[in-house]
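Enquirer: Per the working numbering, residue 1 is the first one in the sequence shown, and the count goes up by one each step.
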Amino acid sequence: MRTEKQTFRGYEIQVTNNPALWQAAIYRTSPTLPEIDWVALNIRAASVSPAFQEAKQVIDKTLGKGVSHLSRPHKSGSENW
């Protein structure tokens with residue numbers, strides 16, 4: 001089995017190639033981070049990149065970093081919202 005690793009927002013993502021799929025495991029690197037039950041989530045994809053992407057989305061959701069607030073335009077001092 002082949003395994004690839006990435007670090008993202010304080011978590012280590014390990015993506016392993018099982019016969020037909022890539023499965024992601026997520027481990028926190030600090031005890032101050034919330035633990036993610038990646039076994040229950042069963043993160044699987046047909047290739048390595050989508051497996052990493054799905055794992056990163058799980059981490060963002062766990063940390064409350066959804067895409068909606070990240071894509072908001074930057075407010076300058078002269079604009080009224």
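By construction, the Cβ of each residue, glycine as well, lies at the ideal position given by its N, Cα and C atoms.
None of these values were measured; they are calculated from a predicted model.
Look up Ile-13 in the DSSP assignment and say whether it is helix, strand or coil.
Expert: Note: Ile-13 maps to strand in three-state DSSP.
Enquirer: Roughly how many whole angstroms lie between the Cα atoms of Pro-31 and Glu-12?
Expert: For Pro-31 and Glu-12, the distance between alpha carbons rounds to 13 Å.
Enquirer: Skipping 5 residues on each side, what residues in its chain have a beta carbon closer than 8 Å to that of Arg-2?
Expert: If we look at Arg-2 and ignore the five residues flanking it on each side, its Cβ neighbours are Thr-16 and Asn-17.
Enquirer: In its own chain, which residues sit with a C-beta less than 8 Å from the C-beta of Gly-10, not counting the 5 before and 5 after it?
Expert: Taken in chain order, the residues that qualify are Arg-28, Thr-29, Ser-30 and Leu-33.
Enquirer: Quick check: the Cα distance between Ser-47 and Gly-64, rounded to an integer number of angstroms?
Expert: Whole-angstrom Cα-Cα distance: 26 Å.
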